[in-house]
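Here the structure is laid out as structure tokens; the discussion comes afterwards.
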């Protein structure tokens with residue numbers, strides 16, 4: 004009876020040992036799975052760290068690109084202001100050239116007017132000289148016929164009248 008009990012106890016201990024061995028195998032398998040999961044998480048962490056570094060690098064490049072675009076915008080703004088200034092100067096130059104053209108036209112007009120006035124004055128002087136010559140000849144004839152002048156003055160009046168022609 005004691006032998007059966009001992010044999011039963013031995014079988015029970017063997018059964019318990021088998022259960023413990025299976026539990027140990029399960030725990031080892033669970034440990035392997037957890038180690039694999041840890042390695043996967045570490046790999047994922049490395050990938051995420053690499054992705055974070057890549058995103059940081061991309062952020063730095065985008066910041067530099069933004070600064071470059073801002074600098075380009077400032078240069079383009081300055082170029083636009085310079086072109087506006089050049090446009091204003093060219094408009095001023097155009098206005099000055101128009102003013103100069105108008106002044107030249109006015110000068111030409113005034114010169115033509117002066118030329119006409121000089122021709123008119125020349126004709127008036129010629130007419131006045133003719134009138135003066137006629138008056139001098141009539142005066143000479145009047146004075147000669149009235150007996151105030153002798154024949155010696157005829158040459159003087161003739162010479163006086165010829166000077167004005």
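Numbering (our numbering), first residue to last: 4 to 168. Ideal Cβ positions, reconstructed from N, Cα and C, are used throughout, including at glycine.
(Q) Could you compute how far the alpha carbon of residue 20 sits from the alpha carbon of residue 6? (A) For residue 20 and residue 6, the gap between their C-alpha atoms comes out near 20 Å.
Q: Assign residue 18 to one of three DSSP states: helix, strand, or coil.
A: helix
Q. On the three-state DSSP scale, how would you describe residue 151?
A. coil
**Q.** DSSP three-state assignment for residue 39, whether helix, strand or coil
**A.** helix
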